[in-house]
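Read the structure below first, then the notes.
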Amino acid sequence: MDNFIVSARKYRPATFHQVIGQESITSTLQNAIKNNHLAQAFLFTGPRGIGKTTCARILAKIINCENLTDELEPCNKCESCTSFNNNASFNIHELDAASNNSVDDIRNLVEQVRIPPQVGNYKVYIIDEVHMLSQSAFNAFLKTLEEPPAYAKFILATTEKHKIIPTILSRCQIFDFKRISAESITDYLAYVAEKENIKTEIEALHIIAQKADGSLRDALSTFDQIVSYSGDEITYKNVIENLNILDYEYYFKVTDYLIQNDIPNLLLVFNEIIENGFDGQHFIVGLSEHLRNLLVLKDPTTIGLMHASDSLKEKYISQTNDCPANFLLSALQICNKFDLSYKGSSNKKLHIEIALLDLSQITSQLPESKPIIQTKQPIVKSKVEEKKPDYKPKPIAAETPVNKKAEPEKKQETPVNKKAEPEKEQETPVNKKAEPEKEQETAPSTVKDENPTKKVATKDIGNGRVIKNISIKQSLEALKKKKENTDNEPDSVITTEFSQERLIEVWEQFIASYMEKSPSFANAIAKYKPVLKDDFEIEYKVDSMIIAKDALSVTSLLEFLKTELNNNQLKLKPVTPAKSEQKTAYTDREKFAEMTKKYPEILNLKDSLNLEIDF
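Numbered by my numbering, the letters in the sequence shown go through residues 1468 to 2082 in order.
Written out as structure tokens, the structure is:
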């Protein structure tokens, strides 16, 4: 059996024209060779598997070729080209910095640089994964990199440019390699499949290209894997089975059920997905990608943002016509939210099911349907008119009674309203709120002539009682008018006389009642007695004016005094006591002296028991 060569090595580009997806870089390098403007050092940076090392090897081969073609490609016939093809070239040195990252390794390389080439024009040093070099190795490499011999060229390759020290970057020409597009990878896979006589489905190659994420080497490795699984024919079904990718059809089904708000089928499909071994987060991420594709296909200018076969794009376009843009945007937000919170959930399956339930409710909440807005106003009205569902408002002069028993009283509508006047106290609470409109209600004939829009319909419920049918809006307006009228009325002046003793009594009552609410304020005003001044001004002393700035407590004190003393003209004036008046805390000796003055028996008890007091 012949030795198998993986496609990534077998179909590795040998010329710049064979390099996929890096046309700008290859053109630049070819022009530099043509014009003899080659730099001393190059830095190739970019993601894995996109051709950095390949381009470095091609560049090294071309600049040492003795017979370049007109297209600036190697001849593959000279001694330099043949030795390179046989991996026996002494002019091209490849160093893996991941395993040779010490100072000694770099010093050995620097020693080799001093030896000129025996065959060819240049000695080329390709250092792969250069970011793995240690700090000391970088420093040892600096001088040689800045001033190398004329025959020495350095090509550095890395996937993490940010890890390279700036002094190295400043000494290199930097080429940023880009990810290869899914279309380019698909075309190259089709070319390889044709060379290998393998039948393929275009959808299968698109899946492999998307899975590779811009890396042609990864795509070729996956291609070999699928060939080993399916043989000489690569189908879409074989690819998704081998790569554990959820079929597109599931996402189309789920989206249809979301639009239709079909929760049972939605949950059944998700359960089938879980039983097939797929992770819940894998599903929600795939659904997000599906919704994103539907969104980008809504505008012809963004169709290019979706990478898929033409047949698959047609299916997407067919479904996107049924999906409003606001639905897709809301769904993407929900999917993103549940994706972020997936790891923190203890019940993973339930977590995704809740996400699907939220997604299914979007269609019912879209602005077109407006179910909440349509039903909001009738619900409010029903609360007011629940006792009179058959009521139909009509002009008062031509009002038709609801109850049949009231038919004989059609001609006596005005007297009915007159009967309602003495029974205002028996009206419903709604009528009590509308007190400012009582005059209008008892005089319907006048209202009818002057302003028909302010009529108030009535309903006879028997026993001479009348219920007025008014709206909540009318009641609120009436209350507002009543409050404004009340606020505009001046308060009556109450100036009841009271004595200083009465003031102190009420003052102590407030302190006792306010002690639980604010002990600090109560204790502060309890230290000094208030003094009644002229014009009902009450002067009280506080140790600090900060206490008087407690607006809530001061207002409570003032209102309490006004109520208890029956005087609404009281005013409070806080002052700070003089230093001689300030009461300081008693020491233990002073407390004992005061106690013996009031209770002399304590001193006798002390002497009789021969007690010693330690102050």
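Using N, Cα and C, we set each Cβ at its ideal position, and we do this for glycine too.
Using a C-beta cut-off of 8 Å, the region 1811-1831 makes no contact with the region 1710-1720, since fewer than three inter-stretch Cβ pairs fall below that distance. Our two residues, R1479 and T1521, have alpha carbons roughly 8 Å apart in a direct line.
Of S1812, D1691, E1668, N1711, the smallest CA-CA separation from D1777 is found for E1668. Between the C-alpha atoms of N1793 and I2013 there is a straight-line separation of about 57 Å. When C-alpha distances from A1565 are compared across Y1658, T1634, A1624, the shortest belongs to A1624. Just measuring C-alpha positions, the residue of I1730, F1750, L1562, L1687 sitting nearest I1517 is L1687. DSSP places L1799 inside the alpha helix (DSSP H), whose first and last residues are 1792-1807. K1782: member of the alpha helix (DSSP H) spanning 1777-1787, first to last residue.
The DSSP assignment places complete alpha helix (DSSP H) segments of no fewer than 4 residues inside the region 1576-1651 at 1602-1613, 1633-1636, in order along the chain. Cα atoms of R1581 and Y1655: separation of roughly 42 Å, rounded to the nearest angstrom. Exclusion of the five residues before and after T1493 leaves F1483, V1486 as the residues of its chain whose Cβ lies within less than 6 Å of its Cβ. The alpha carbon of S1682 has as its nearest neighbour, out of A1523, G1488, Q1692, P1583, the alpha carbon of G1488. DSSP places V2042 in the strand class (E or B) of the three-state scheme. At a Cβ-Cβ threshold of 8 Å, I1594 and A1527 do not count as neighbours. Nearest to K1804 by C-alpha distance, out of Q1748, F1737, T1769, is Q1748. Within the same chain, H1598 come within 6 Å of I1631 by CB-CB distance, once the 5 residues on both sides are set aside. When secondary structure is reduced to three states using DSSP, V1486 falls in the coil class, being assigned neither helix nor strand. The three-state reading of DSSP puts I1525 in helix, counting H, G and I together. Per DSSP, E2004 is one residue of the beta strand (DSSP E) stretching across 2004-2008. Assignment of D1563 by DSSP, reduced to helix, strand and coil, places it in the strand class. The straight-line gap separating the alpha-carbon atoms of L1772 and V1763 is approximately 7 Å. In the three-state DSSP reduction, K1666 falls in the strand class (E or B). Shown here for S1755: same chain residues with a beta carbon closer than 8 Å to its own, the five before and five after excluded, namely L1799, C1802, N1803, D1806 in chain order. Linking S1980 to S1831 through their CA atoms gives a straight-line distance of about 57 Å. CA-CA distance, S1697 to N1705, rounds to 7 Å.
At least 8 Å separates the beta-carbon of I1641 from that of L1535.
N2034 is bridged by DSSP to T1962. Rounded to whole angstroms, the gap between the alpha carbons of K1666 and A1679 is 20 Å.
By the neighbour-count definition (other C-beta atoms within 10 Å, threshold 16), Y2007 is a buried residue. P1514 is a Cβ neighbour of T1626, given a cutoff of 8 Å. Taking the CA atoms as reference points, D1691 sits about 29 Å from T1549. Leaving aside the five residues that flank S1808 on each side, the residues in its chain whose CB is nearer than 8 Å to its CB run, in chain order, H1818. Judged by DSSP secondary structure, T1512 falls outside any alpha helix (DSSP H) and instead within the beta strand (DSSP E) spanning 1508-1512.
Between S2020 and S1985, the CB-CB gap stays under 8 Å.
Pairing E1661 with H1774 gives a Cβ-Cβ distance that is not under 8 Å. Excluding residues up to 5 positions away in sequence, P1997 lie with their Cβ nearer than 7 Å to the Cβ of W1974 in the same chain.
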